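Down below is the structure, laid out as C-alpha cells.
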Amino acid sequence: MDIQALKSKLDIFDIAKELGLQLDKTDKALCPFHNDKNPSLQFSKEKQICTCFSSNCNARTMDVVELVKKYKSLELPETLNWLQERANAVPDGRQGVTKENLSPQQTTDKTNYQNDFEQMKSSFVASSTARKYAESRVLDWKKLQIGYNAFKSSRFDYLRGCITFPLKNEKGDIVSLYGRSIRDNDKAKHYYTKNRSGLYPDYPSRATKKIILTESVIDTATLLNFKEITENYDLLSLYGTNGLTTEHIQALQKTEELSELILFFDGDQGGKEANQKHGKYLKSLFSETTIKIVQTPDGTDINELAQSHQSEIFTDLINKAESFFFSKETEENESKQEQSIENKKLESTQNTYKLDASHKYNLKYNTDTARYEIKGGIAKNGLDRLVISLHIINPETRKKSRVRLDLYEDKQVERVCTLHAIPQQYRSNIGQLLK
Numbered sequence: 000m001d002i003q004a005l006k007s008k009l010d011i012f013d014i015a016k017e018l019g020l021q022l023d024k025t026d027k028a029l030c031p032f033h034n035d036k037n038p039s040l041q042f043s044k045e046k047q048i049c050t051c052f053s054s055n056c057n058a059r060t061m062d063v064v065e066l067v068k069k070y071k072s073l074e075l076p077e078t079l080n081w082l083q084e085r086a087n088a089v090p091d092g093r094q095g096v097t098k099e100n101l102s103p104q105q106t107t108d109k110t111n112y113q114n115d116f117e118q119m120k121s122s123f124v125a126s127s128t129a130r131k132y133a134e135s136r137v138l139d140w141k142k143l144q145i146g147y148n149a150f151k152s153s154r155f156d157y158l159r160g161c162i163t164f165p166l167k168n169e170k171g172d173i174v175s176l177y178g179r180s181i182r183d184n185d186k187a188k189h190y191y192t193k194n195r196s197g198l199y200p201d202y203p204s205r206a207t208k209k210i211i212l213t214e215s216v217i218d219t220a221t222l223l224n225f226k227e228i229t230e231n232y233d234l235l236s237l238y239g240t241n242g243l244t245t246e247h248i249q250a251l252q253k254t255e256e257l258s259e260l261i262l263f264f265d266g267d268q269g270g271k272e273a274n275q276k277h278g279k280y281l282k283s284l285f286s287e288t289t290i291k292i293v294q295t296p297d298g299t300d301i302n303e304l305a306q307s308h309q310s311e312i313f314t315d316l317i318n319k320a321e322s323f324f325f326s327k328e329t330e331e332n333e334s335k336q337e338q339s340i341e342n343k344k345l346e347s348t349q350n351t352y353k354l355d356a357s358h359k360y361n362l363k364y365n366t367d368t369a370r371y372e373i374k375g376g377i378a379k380n381g382l383d384r385l386v387i388s389l390h391i392i393n394p395e396t397r398k399k400s401r402v403r404l405d406l407y408e409d410k411q412v413e414r415v416c417t418l419h420a421i422p423q424q425y426r427s428n429i430g431q432l433l434k
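When we follow numbering that gives the first Met the number 0, the leftmost residue of the sequence shown carries the number 0, and every step to the right adds one.
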C-alpha cells in the first residue's frame, strides 16, 4: 500500500485522539511541539491536515503521516508501519500502543465503561486464573480496582483475555479501560479501548505537591500497594514511553502547588531515552518544578522489582532520584553515556566469566553457558530469610528462567533447578555464584 492509499484509510481526527490530543469545539488542540497555553493547533476534517499558527512553533502544516512522525519522533518507515496497524486494526506489541479488537457494536463512544467495569470486577473475583495472575505480579486485588474479561466466555467483545483497569476523567468517571493480556501466547500484551481517554489511577488534585510518573498502568498499580509511597506521593501512569499525552499535561497544569515531578521509568534503553525526552519537555512547561529521574536498575521495571525485592527498594530509589538539569552539556553527555553503555556491553561479552557488581540491586555473572542475574536486597527486618530472585538467561535463545531462592536453604538450589527444568549444565554455575 502506498502512502496516499494508506492516508485514505485514516482520519487525522481519530489519530490525533489516539495520540492524546484533545480537540475543542473549533477543532483546535494544544500544540505538543511547543509550550502552548492557548490551543493553536488547528485541524481540518476536509483537508485531513493540521496547522500550528503560533509564531513560537516550527511544526507548521502536517498531514497524518507528518503528525505521527513528529509527535512520536519516528523515522518514516516506522511511522508508516504504525499507521498501517491502525488502518488494519492490528495490535502492536510495544508498550503503550492500543489494540482495537472491537466488534461493530463497540465502535462508538457510547459504551458504558462504568457498568462494564463493574461486571468485570465481579468476573475477576470469580476467576481463580485472573486472581493468580494478579498475585504473581504482586498486585493486591483486594485493594486495587481490577476487572477481568475472559477470552472464550467473555461478556464483552473487547479486551478479551485481559485483566482490566479503569481510566477516569476529571470527575472520577470511568471513560475507557486498559487491558493487560494474561495469556502467554499473546504477542501483544497491552490494549486500550477505542478512542482512549482518561487517566490512571485518577486525576491529581489541585493541592498535589509531588507526583511520580510511571511508564505503565501495571507499574502504577504496583506502587499503589505500598503505603509509604501513597502517603507521600500522588501517582500517574503514562501509556508507554511515547504515552505522555495532552490530557496528562493539562491535568498537571491544573495543580496549584506542584513542587516535584518524579520520572520512574523502566531500566532499559527505551526508559532511559524517555527520561531525557520527557525530562526536557516537562522542564520547559514546569520551570519552577523540580524534575527528578529515578535510576531504575538495568533491565528491570517497577513490577519486576516488587516481585524480587522488599518494599524498601522503592523508597530507597525514590529518595536517591537525581534532579534533571537540561543544558547543552546534558545533550553532549548523552552520546558519551550511550558510548559508555556500548563499551560495557562489549566488555561483558569479552569476559566469559565475570561478576558485575556495579549495581547492588542487580548483580550479573556471565559464563560460557548462561548469564545469571541476582535481583534482591536485604530487608531491614525479617533477617530469618534471605530471599533473592535469580534470572538465568540462555545466551543463544535469550530465553529467561526466573526462580526465587532463600539463600539460607541449602537444598533449595537443586530442588528449584529440578522444578523449573533448569538445564544440568547451568547448575554448577549456580552453585559457584551463590557461594
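Virtual Cβ for every residue (Gly too), placed ideally from N, Cα, C. Keep in mind it's a predicted model, so treat the numbers as computed, not measured.
How about residue i and residue j: are their beta carbons less than 9 Å apart?
{"i": "Gly278", "j": "Phe323", "result": "yes"}
{"i": "Thr110", "j": "Thr192", "result": "yes"}
{"i": "Leu75", "j": "Lys68", "result": "yes"}
{"i": "Ile440", "j": "Phe263", "result": "No statement about residue 440 is possible, as the shown extent of the chain runs from 0 to 434 and does not include it."}
{"i": "Leu222", "j": "Leu237", "result": "no"}
{"i": "Asn318", "j": "Arg136", "result": "no"}
{"i": "Leu29", "j": "Ile248", "result": "yes"}
{"i": "Ile387", "j": "Arg401", "result": "no"}
{"i": "Lys208", "j": "Ser286", "result": "no"}
{"i": "Thr50", "j": "Val64", "result": "no"}
{"i": "Ile228", "j": "Thr314", "result": "yes"}
Near residue i, which residues of its chain fall below 6 Å by C-beta distance, leaving aside the five closest residues on each side in sequence?
{"i": "Gly146", "result": "Phe116, Met119, Lys120, Phe123, Thr163"}
{"i": "Asp139", "result": "Asn224"}
{"i": "Lys19", "result": "Here residue 19 turns out to be Gly, not Lys, going by the sequence shown. Same-chain partners within the cutoff: Thr244, Thr245, Glu246."}
{"i": "Asp62", "result": "Ile48"}
{"i": "Val89", "result": "With a pLDDT of 34 at Val89, under the threshold of 50, the modelled position of this residue cannot be trusted; read the value that follows with caution. Cβ neighbours of Val89 beyond the five flanking positions: none."}
{"i": "Gln306", "result": "Val137"}
{"i": "Leu304", "result": "Ile312"}
Counting along the chain, where does the beta strand (DSSP E) carrying residue i start and finish?
{"i": "Phe263", "result": "259 to 263"}
{"i": "Gln275", "result": "Note, Gln275: premise wrong, no beta strand (DSSP E); alpha helix (DSSP H) at 268 to 284."}
{"i": "Ser43", "result": "40 to 43"}
{"i": "Asn318", "result": "First-last for Asn318: 311 to 318, but that is the alpha helix (DSSP H), not the beta strand (DSSP E)."}
{"i": "Asn365", "result": "362 to 365"}
{"i": "His33", "result": "Counting along the chain, His33 falls outside any beta strand (DSSP E), and DSSP gives it neither H nor E."}
{"i": "Asp1", "result": "Premise fails: Asp1 is in no beta strand (DSSP E) and is neither H nor E."}
{"i": "Ser236", "result": "233 to 236"}
{"i": "Lys68", "result": "Premise fails: Lys68 lies in the alpha helix (DSSP H), 63 to 70, not in any beta strand (DSSP E)."}
{"i": "Asp355", "result": "353 to 355"}
{"i": "Lys374", "result": "370 to 374"}
{"i": "Leu404", "result": "399 to 405"}
{"i": "Lys16", "result": "First-last for Lys16: 11 to 17, but that is the alpha helix (DSSP H), not the beta strand (DSSP E)."}
{"i": "Thr359", "result": "In the sequence under discussion, the amino acid at residue 359 is Lys, which differs from the Thr named in the question. Here Lys359 belongs to no beta strand (DSSP E), and DSSP marks it neither H nor E."}
{"i": "Thr240", "result": "Taken as a continuous stretch (DSSP letters only), Thr240 belongs to no beta strand (DSSP E), as it is neither H nor E."}
{"i": "Ala24", "result": "A small correction: the amino acid at residue 24 is Lys; Ala does not occupy that position in the sequence shown. Counting along the chain, Lys24 falls outside any beta strand (DSSP E), and DSSP gives it neither H nor E."}
{"i": "Thr396", "result": "Unbroken run through Thr396: none, as it is neither H nor E."}
Among the options, which has the Cα closest to the Cα of residue i?
{"i": "Gln113", "options": "Gln144, Lys276, Arg85, Leu138", "result": "Gln144"}
{"i": "Lys359", "options": "Lys141, Thr295, Pro394, Ser400", "result": "Thr295"}
{"i": "Gln41", "options": "Asn34, Asn57, His33, Asp23", "result": "Asp23"}
{"i": "Glu408", "options": "Ile317, Leu385, Asn80, Glu287", "result": "Leu385"}
{"i": "Thr366", "options": "Leu66, Pro394, Ser357, Thr314", "result": "Pro394"}
{"i": "Asp26", "options": "His33, Asp13, Phe32", "result": "Asp13"}
{"i": "Lys253", "options": "Ala133, Asp218, Glu169", "result": "Glu169"}
{"i": "Thr288", "options": "Leu251, Gly269, Ala273, Lys271", "result": "Leu251"}
{"i": "Thr368", "options": "Ser388, Ser357, Thr396, Ile387", "result": "Thr396"}
{"i": "Pro165", "options": "Tyr199, Lys374, Asp405", "result": "Tyr199"}
{"i": "Lys44", "options": "Asp300, Ile11, Val216, Asp183", "result": "Ile11"}
{"i": "Gln60", "options": "Ser72, Lys46, Lys71", "result": "Reading off the sequence shown, one finds Thr at residue 60, where the question assumed Gln. If we check each option's Cα against that of Thr60, Lys46 comes out closest."}
{"i": "Ser126", "options": "Ile181, Arg85, Leu176, Lys142", "result": "Ile181"}
{"i": "Ala206", "options": "Lys291, Tyr132, Glu256", "result": "Glu256"}
{"i": "Leu9", "options": "Arg85, Pro38, Lys71", "result": "Arg85"}
{"i": "Ser204", "options": "Tyr232, Ser7, Ala133, Ala4", "result": "Tyr232"}
Kindly list the residues whose CB is nearer than 8 Å to the CB of residue i, restricted to its own chain and excluding five residues on each side of it in sequence; keep chain order.
{"i": "Asn148", "result": "Met119, Ser122, Arg154, Phe155, Tyr157, Leu158, Arg159, Gly160, Cys161, Thr163, Gly178"}
{"i": "Gly298", "result": "Gly266, Asp267, Asn361, Glu372"}
{"i": "Lys167", "result": "Ile173, Val174, Gly197, Leu198, Tyr199, Pro200, Asp201, Tyr202"}
{"i": "Glu328", "result": "Confidence in Glu328 is poor, its pLDDT being 44 and thus under 50, which makes the residue's placement unreliable; the coordinate value appears in the next sentence. Contacts found: none."}
{"i": "Leu73", "result": "Val67, Trp81"}
{"i": "Thr357", "result": "Sequence check: residue 357 is Ser here, not Thr. Excluding residues within five positions, none has a Cβ falling inside 8 Å."}
{"i": "Ile2", "result": "Val64, Leu79"}
Tell me which residues share the same chain as residue i and place their Cβ nearer than 7 Å to its Cβ, disregarding the 5 neighbours each side in the sequence.
{"i": "Thr97", "result": "Residue confidence for Thr97 is low, a pLDDT of 36 falling below 50, so the modelled location carries little weight; the figure read from the coordinates is stated next. Within the same chain, Thr97 has close Cβ partners Glu17, Tyr190, Tyr191, Arg195."}
{"i": "Leu281", "result": "Leu260, Ile290"}
{"i": "Ile292", "result": "Leu262, Asn274, Gly278, Ala320, Glu321, Phe323"}
{"i": "Phe52", "result": "Ser39, Gln41"}
{"i": "Ala58", "result": "Cys30, Phe32, Cys51, Lys69"}
Between residue i and chain B, is the shortest Cβ-Cβ distance under 9 Å, so that the two count as touching?
{"i": "His277", "result": "Although the question refers to chain B, the structure presented lacks it and comprises just one protein chain."}
The alpha helix (DSSP H) spanning residue i covers which residue range?
{"i": "Ser54", "result": "Unbroken run through Ser54: none, as it is neither H nor E."}
{"i": "Val124", "result": "112 to 125"}
{"i": "His247", "result": "245 to 252"}
{"i": "Leu389", "result": "Unbroken run through Leu389 is the beta strand (DSSP E), 386 to 392; no alpha helix (DSSP H)."}
{"i": "Asn302", "result": "301 to 307"}
Quiz item: What alpha helix (DSSP H) runs, 4 residues minimum, are completely inside the region 141 to 225?
Solution: 216 to 222
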